[in-house]
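4 protein chains.
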Amino acid sequence: LSGPAKISAGIWIFGKVSDRFCTAGYREDLPFKERVRRAASIPGLKGIELQFPLGEITPEEAISVVTRHGLEIVAVGPDLAGQPKWMFGALASPDPKIRREAVELCKDAMDFAHKVNALVNIWPGQDGYDYPFQVDYVRAWDTFVESLKEIAEYKPDVKVSLEYKMTEPRIRLFAGTVGKSLLAVEEAGADNLGITIDIGHSLLAYEGLAEAAVLAAKRNKLFHLHMNDCFRRSDDDLIVGAVHLVEYLELFYWLNKTGYEGWFSFDQFPYREDPVHAVSESVKNLRFMFSVLERLDEESLQEVFKTGDATKAVAVIRKALGGES
Amino acid sequence: LSGPAKISAGIWIFGKVSDRFCTAGYREDLPFKERVRRAASIPGLKGIELQFPLGEITPEEAISVVTRHGLEIVAVGPDLAGQPKWMFGALASPDPKIRREAVELCKDAMDFAHKVNALVNIWPGQDGYDYPFQVDYVRAWDTFVESLKEIAEYKPDVKVSLEYKMTEPRIRLFAGTVGKSLLAVEEAGADNLGITIDIGHSLLAYEGLAEAAVLAAKRNKLFHLHMNDCFRRSDDDLIVGAVHLVEYLELFYWLNKTGYEGWFSFDQFPYREDPVHAVSESVKNLRFMFSVLERLDEESLQEVFKTGDATKAVAVIRKALGGES
Amino acid sequence: LSGPAKISAGIWIFGKVSDRFCTAGYREDLPFKERVRRAASIPGLKGIELQFPLGEITPEEAISVVTRHGLEIVAVGPDLAGQPKWMFGALASPDPKIRREAVELCKDAMDFAHKVNALVNIWPGQDGYDYPFQVDYVRAWDTFVESLKEIAEYKPDVKVSLEYKMTEPRIRLFAGTVGKSLLAVEEAGADNLGITIDIGHSLLAYEGLAEAAVLAAKRNKLFHLHMNDCFRRSDDDLIVGAVHLVEYLELFYWLNKTGYEGWFSFDQFPYREDPVHAVSESVKNLRFMFSVLERLDEESLQEVFKTGDATKAVAVIRKALGGES
Amino acid sequence: LSGPAKISAGIWIFGKVSDRFCTAGYREDLPFKERVRRAASIPGLKGIELQFPLGEITPEEAISVVTRHGLEIVAVGPDLAGQPKWMFGALASPDPKIRREAVELCKDAMDFAHKVNALVNIWPGQDGYDYPFQVDYVRAWDTFVESLKEIAEYKPDVKVSLEYKMTEPRIRLFAGTVGKSLLAVEEAGADNLGITIDIGHSLLAYEGLAEAAVLAAKRNKLFHLHMNDCFRRSDDDLIVGAVHLVEYLELFYWLNKTGYEGWFSFDQFPYREDPVHAVSESVKNLRFMFSVLERLDEESLQEVFKTGDATKAVAVIRKALGGES
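Next comes the structure, spelled out in structure tokens:
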């Protein structure tokens, strides 16, 4: 079989998913154990990402359940977006008490991550702004970077990975683009602090996926990868490769080139799809895309890189997909 | 005081608002009566829009509560987006039973609207699609138009107004733009069927607000107006005029010109703002914009319309805002 | 070989292409004859689209050159965007003289199109607006529709096809979306008036390509097709299928279903690519995509259309592309 | 009069402007001297930006003409976008000879800038990519940063300012966002290297204008400002404040707070407007906005910054514009 061995998925995929209109959710919620069981039933899936705190169960139970199902805990994501207390910010909150709570939550997540040898994936979805004149940007950015620094320094042997997103739930987020998040990482100045590229978030920002990955990889800061698909306007969290096949191929090509050794992790929101089917199709699409990658004519690509002649790149892709030369 | 007398707001503004991350909502929910009481406390607000079914109370109670607070029921919106049963469509559902349920709900809403002399505002937020190859567009469009036709013909003396939106919660909606919704209205062919322009939805579609309103008004099909503001990418449902002051002015100018006689209704989602304050600011911004409108130099504008010289239009606006000529 | 027989390309592809910065163009310009010769050298290309007026040569010469090279004149496009005189509008100009000139140019194009059995493709790129308060929308829309009507009625046996585009060169165009252009066509009320869907223009408007085509086809109004690719934000006019493979497949599927009998015409802007190579790759991608289409599991798709289960649609596409089931 | 004293404009505004359709331009071109004369006729304008090379005249003549008209040369922009030789890149070209030429052009521009005490504004519009698999991102980014470094180090007492833009003419540019350009500046590591924020470019990238300016200012890297307006999708280069009044106010507020001491320079593209009128209106709008700024209730804003309550921010803006409190 083609493709990476380290394939994982977020546990939230298997729960109830809701939106702001269908607030009760599109399906019944499932308890932790059942979510893990379903994830483990997907051929090829080796790891799972957890949210923190863990909800109804203890850390020990969580580890036990996941291990029993033959999965690995890949990443732990402190919940910095889902509680009303964070509504004006968590890591960058203007309220020192709230900010302290947020930092401590991340540290607790690091303690747990340390136990299971996972990384901590920080998505500060409430750290941003909606209205003009709502935020003191000088203070907010400084606070944001200081929080990241304090968290990273808490346990230097646990990787902390900042997941950026341009918009939603705040209209603009401080960690909004690959550029801004790498700036924050550089300012915080900790070796164990890097970034997570979420494909949909990067497409939202009109980034070139491969370029964004290379920028992070060149600085040894590409720690983690969240995969899904979308139509570039909203974070649709669709099945991987359902829309952007060619750009996914280019991303994987450059992940290979730059030696990415992290997990390939699905972050989907299957509002109307059976979660197990939605992730299974992502796994199969991932494998399919890696098999296409093996048929790419590397020599021709090197020629394109020297000359810039995109017509040849188009031919290389078509041929790898089985089309005429 | 400047501005229209017929100012209203959606009752949902005063409830709990949530998003897909903060699913429990950003504040406590409020019962119907308290929502109405708060709406009625806003100076200048004369009407309220209800969702249908009404939830915890009977139609009679609803009318009694609203009347007692000196408000008018302006519009009734059947809930075609908030229940999981609609997830693959309501008015255009491929399942005839689901579609029947949706049509009957709309008819029930018309019965209620008839009693209170309101219009029925239909926002078919689940009628659309997410993935390529998910929908039979021929069948879907035909079903959609037939449903609208059946609804409108049920009670010809109740106005039915189709609210279009490009995206969300489905990634693309059939009634997505002013053009597609006017096409659907024309195909359905009923005098009492028209459209609602929601400012944010129109901005999402990169429409010129004033142009969209004129297109509908020329066909006598601009039945209703939902107001809010956004940054053109997502349906942010912000305070009116918080961002797009100049385009709001142009919209109001053309509503006047084309004789709009409907309500000016706020459809906001104050996730992080006190609802009463958020609507109060919208009322004040609305009045402020109408006062600016009174100072527009009509003669100069007519000159611009003849010549296309936009530099003069810019001067007209600045002067109306109190700037130098 | 798979795919349609009626494949054509615009003659402008083979000329000098420039942008607003590199105003002198990215390559040497070529005379008419040489452009036709190069187009004819592309395997599979059967037709060519001309701009009108023809420039340096007479109509007779044009016909003679094209015929001699074994090509067919498919469409004639009156130049309503490339002259400064149209800068405040052509078909919707506030200046009656300018508008008259524009209408007469279209009629002249119809005379020529009649001779060669082509359709007239009208792209009114200057009919729109840039600034708020720049345009009297009531007058503009009426003038626009009247012009279309007069043109279409001039020669009822020549097809006139309105090509819509959301933006560029005016920031907003009156014929901006599939919905607005079908409304204009319906208002003008002529049997020989239909629309052209340009893929890039449709993607710009965030339309579903297949849905847009079906809407037009259901009204027997899909007269012509312009093909290229882009990243949804600007009209990049790239090689067909270079980016949006899956959505192209869905479009072609529905063109088949709804019996499209027109030309598959390339409208590219190869700023940095050799035009012959750029079009050749488009032909090959087109054929490749049609060969994939033949492997689509129709039975499974019909099942998807009934249930809405997109996970099955994703599998169908992957299998047609040669991936595992 | 309110507002900054250091107001300037690009000389290109006063020339012929064209787009990719109306290639001959929307008006007659003007010689250098006449452009300067017209710029100097605009009340309040104190400086001018030149392109480099200077075209028909010598550096000495340029200085003499500008000085004679009482203007100051504010910035010099080497032409890295307007020649076909740069089509696959200038500072990041895969061709070492082309790259050398580009670097030398920038150094020549620095020599000239040194003479007139201006900064060099580098907008590398061709350094980017269009198609997937067209570019070796590792090599390209390294080359890009090395070029910037070499240029900046050539004359440490001349400021070099990198102007970022997300898209156009390449579909994606390496210096695409405030984040990526600050990363490049940091990697190049020269004190005299900073960035230019162009309002339209920043809006294109969905950036918060004020946030972007603060990020640069905090690093002492906000060297220059290009002003215009747009509708967030394309770089429309409209009259300043014609659309985004509120966000301009917020930007200016934060420029004041962070001590911006550079020029306020207009970079417009008046396709259909008289350039002198278009810039004059920008000057007047600028002054108007600064007069509004003086009426902002600073105390209330500080309260908003502490609490996040945006309803109060909306009220502050309305009051400053003359509306009710």
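Chains as they are written, first to last, in the numbering used here: chain B, 18 to 342; chain H, 18 to 342; chain G, 18 to 342; chain Y, 18 to 342.
For each residue, glycine too, the CB sits at the ideal point set by N, CA and C.
Every value quoted in this text rests on a predicted model; they were computed, and no experiment measured them.
Near-chain H residues of the stretch 303 to 337 of chain Y - C-beta to any C-beta below 9 Å:
ARG304, PHE305, MET306, SER308, VAL309, GLY325, ASP326, ALA327, THR328, LYS329, ALA330, VAL331, ALA332, ILE334 and ARG335
Kindly indicate which three-state DSSP category B:SER282 falls into: helix, strand or coil?
Your numbering for residue 282 of chain B matches position 265 in the first sequence. Note: B:SER282 maps to strand in three-state DSSP.
CB contact check: Y:PHE193 to chain H, cutoff 9 Å
On the fourth sequence, position 176 is the one that residue 193 of chain Y refers to. Looking at the sequence provided, one finds Gly at residue 193 of chain Y rather than Phe. Y:GLY193 does not count as touching chain H.
With a 10 Å radius around its C-beta and 16 neighbouring C-beta atoms as the bar for buried, classify B:TRP316 as buried or exposed.
Translated into the one-based positions of the first sequence, residue 316 of chain B becomes position 299. The sequence given here has Glu at residue 316 of chain B, not Trp. Result: exposed.
State the beta-bridge partners of G:GLN100 as determined by DSSP.
The residue labelled residue 100 of chain G in the question sits at position 83 within the third sequence. Answer by DSSP bridge pairing: none, since G:GLN100 is not bridged.
Collapsed DSSP secondary structure at B:LEU268 in the structure displayed:
Taking the first sequence and counting its residues from 1, one reaches residue 268 of chain B at position 251. In this structure, B:LEU268 counts as helix in the three-state DSSP scheme.
Measuring CA to CA, which of B:TYR223, B:ARG304 and B:THR184 is closest to Y:ARG189?
Within the fourth sequence, the letter at position 172 stands for residue 189 of chain Y. Residue B:TYR223 is the option with its Cα nearest to Y:ARG189.
Spatial distance of H:VAL83 from H:GLU320 (CA atoms):
Residue numbering aside, residue 83 of chain H sits at position 66 when the second sequence is read from its first letter. Residue numbering aside, residue 320 of chain H sits at position 303 when the second sequence is read from its first letter. Each residue's Cα considered, the two are about 47 Å apart.
Can you tell me where the beta strand (DSSP E) holding G:ALA353 begins and where it ends?
In this structure chain G extends from 18 to 342, so residue 353 of chain G is not present and cannot be described.
If I follow the unbroken beta strand (DSSP E) through G:THR213, where does it start and stop?
Position 196 of the third sequence, counting from 1, holds the residue named residue 213 of chain G. It spans 210 to 215 - the beta strand (DSSP E) in which G:THR213 sits, taken as one unbroken run.
If you drop the 5 nearest sequence neighbours on each side, which residues of the same chain put their C-beta closer than 7 Å to that of Y:ALA169?
Counted from its first residue, the fourth sequence places residue 169 of chain Y at position 152. Closer than 7 Å at the Cβ level, and outside the excluded window around Y:ALA169, lie VAL177, ALA205, ALA207, ASN209 and LEU210.
On the three-state DSSP scale, how would you describe H:ARG189?
As a working mapping, residue 189 of chain H is identified with position 172 in the second sequence. In this structure, H:ARG189 counts as strand in the three-state DSSP scheme.
Simplified DSSP state of B:MET183, which is helix, strand or coil:
One-based indexing of the first sequence puts residue 183 of chain B at position 166. If DSSP states are grouped into helix, strand and coil, B:MET183 belongs with coil.
Would a check of beta-carbon distances place G:LEU220 closer than 9 Å to chain H?
Looking up residue 220 of chain G in the third sequence gives position 203. No, G:LEU220 lies away from the interface with chain H (no Cβ there is under 9 Å from its Cβ).
Among B:ARG55, B:ILE65 and B:TYR270, nearest to B:LEU136 - alpha-carbon criterion
Your numbering for residue 136 of chain B matches position 119 in the first sequence. Nearest option by C-alpha distance: B:ILE65.
Could you check the C-alpha separation between G:ALA343 and G:ASN237 for me, to the nearest Å?
Not covered by the structure: residue 343 of chain G. The range shown for chain G is 18 to 342.
If the cut is a Cβ gap below 8 Å, which residues of chain B does G:ILE256 touch?
Residue numbering aside, residue 256 of chain G sits at position 239 when the third sequence is read from its first letter. ALA327, THR328 and VAL331, listed in chain order.
For G:VAL202 and G:LEU179, believed in contact at Cβ under 8 Å, the rounded distance:
Translated into positions along the third sequence, residue 179 of chain G becomes position 162. Translated into positions along the third sequence, residue 202 of chain G becomes position 185. Going by Cβ atoms, the distance from G:LEU179 to G:VAL202 rounds to 6 Å, so yes, they are a contact pair.
Identify the continuous beta strand (DSSP E) that holds Y:ILE115 and give its terminal residues.
On the fourth sequence, position 98 is the one that residue 115 of chain Y refers to. No beta strand (DSSP E) holds Y:ILE115; the alpha helix (DSSP H) holding it covers 113 to 133.
Ignore the nearest five residues each way along the sequence and tell me which others in G:GLY94's own chain have a CB closer than 6 Å to its CB.
On the third sequence, position 77 is the one that residue 94 of chain G refers to. Here the set comprises GLN68 and ASN138.
For B:GLU45, which residues in chain Y fall below 9 Å Cβ to Cβ?
Along the first sequence, one-based indexing puts residue 45 of chain B at 28. Simply none; closest approach about 35 Å.
Measuring CA to CA, which of Y:GLN285, Y:ARG54 and Y:VAL333 is closest to Y:ASP253?
Locating residue 253 of chain Y in the fourth sequence gives position 236, where the first residue counts as 1. Checked all of Y:GLN285, Y:ARG54 and Y:VAL333; the closest Cα to Y:ASP253 is Y:GLN285.
Nearest neighbour of Y:SER164, chosen from Y:THR40, Y:ALA192 and Y:ALA119 [CA to CA]:
Start at 1 with the first residue of the fourth sequence, and residue 164 of chain Y comes out as number 147. Taking only the C-alpha atoms, the option nearest Y:SER164 is Y:ALA119.
Can you give me the start and stop residues for the beta strand (DSSP E) that Y:GLN151 sits inside?
The sequence position of residue 151 of chain Y within the fourth sequence is 134, counting from 1. Careful: Y:GLN151 lies outside any beta strand (DSSP E) and carries neither H nor E.
How long is the line joining the alpha carbons of Y:SER198 and B:ALA233, rounded to whole angstroms?
As a first step, residue 198 of chain Y is located in the fourth sequence; it is residue number 181 there, counting from the start. As a first step, residue 233 of chain B is located in the first sequence; it is residue number 216 there, counting from the start. Each residue's Cα considered, the two are about 14 Å apart.
Along the stretch 125 to 137 of chain G, what residues have a CB closer than 9 Å to any CB found in chain H?
none
What are the boundary residues of the alpha helix (DSSP H) that includes Y:ALA26?
The sequence position of residue 26 of chain Y within the fourth sequence is 9, counting from 1. Per DSSP, Y:ALA26 belongs to no alpha helix (DSSP H); it is in the beta strand (DSSP E), 24 to 27.
Which residue marks the beginning of the alpha helix (DSSP H) containing B:ILE334, and which one marks its end?
Here residue 334 of chain B refers to the residue found at position 317 when the first sequence is read from its first residue. Here the alpha helix (DSSP H) through B:ILE334 covers 327 to 337.
Let me see if you follow: with CB-CB separation under 9 Å, is Y:TYR277 close to chain B or not?
Looking up residue 277 of chain Y in the fourth sequence gives position 260. It does not; no Cβ of chain B falls within 9 Å.
When burial is assigned at 16 or more other CB atoms within 10 Å of the CB, is Y:SER299 buried or exposed?
Looking up residue 299 of chain Y in the fourth sequence gives position 282. With 16 or more other Cβ atoms within 10 Å, it is buried.
Can you tell me the Cα-Cα spacing of B:PHE49 and B:ALA41, whole angstroms?
Residue 49 of chain B sits at position 32 when you count from the first residue of the first sequence. Residue 41 of chain B sits at position 24 when you count from the first residue of the first sequence. The alpha-carbon atoms of B:PHE49 and B:ALA41 are separated by roughly 19 Å.
Let's test the definition: count the other Cβ atoms within 10 Å of the Cβ of H:ARG304 and tell me whether it reaches 16, buried, or not, exposed.
The count along the second sequence starts at 1 and reaches residue 304 of chain H at position 287. Answer is buried; the Cβ neighbour count reaches 16.
Which residues does DSSP pair with B:ASN138 in a beta bridge?
As a working note, residue 138 of chain B is residue 121 in the first sequence. Per DSSP, B:SER178.
Using a Cβ-Cβ cut-off of 9 Å, state whether H:PHE69 counts as contacting chain B.
The residue you call residue 69 of chain H lines up with position 52 of the second sequence. For H:PHE69, the answer is no, since every Cβ of chain B falls outside 9 Å of its Cβ.
DSSP three-state assignment for Y:PHE307, whether helix, strand or coil
Stepping through the fourth sequence from its first residue, residue 307 of chain Y is reached at position 290. Note: Y:PHE307 maps to helix in three-state DSSP.
Are Y:PRO111 and B:THR184 touching if we call contact CB-CB under 9 Å?
Translated into the one-based positions of the fourth sequence, residue 111 of chain Y becomes position 94. Translated into the one-based positions of the first sequence, residue 184 of chain B becomes position 167. Not closer than 9 Å, so no.
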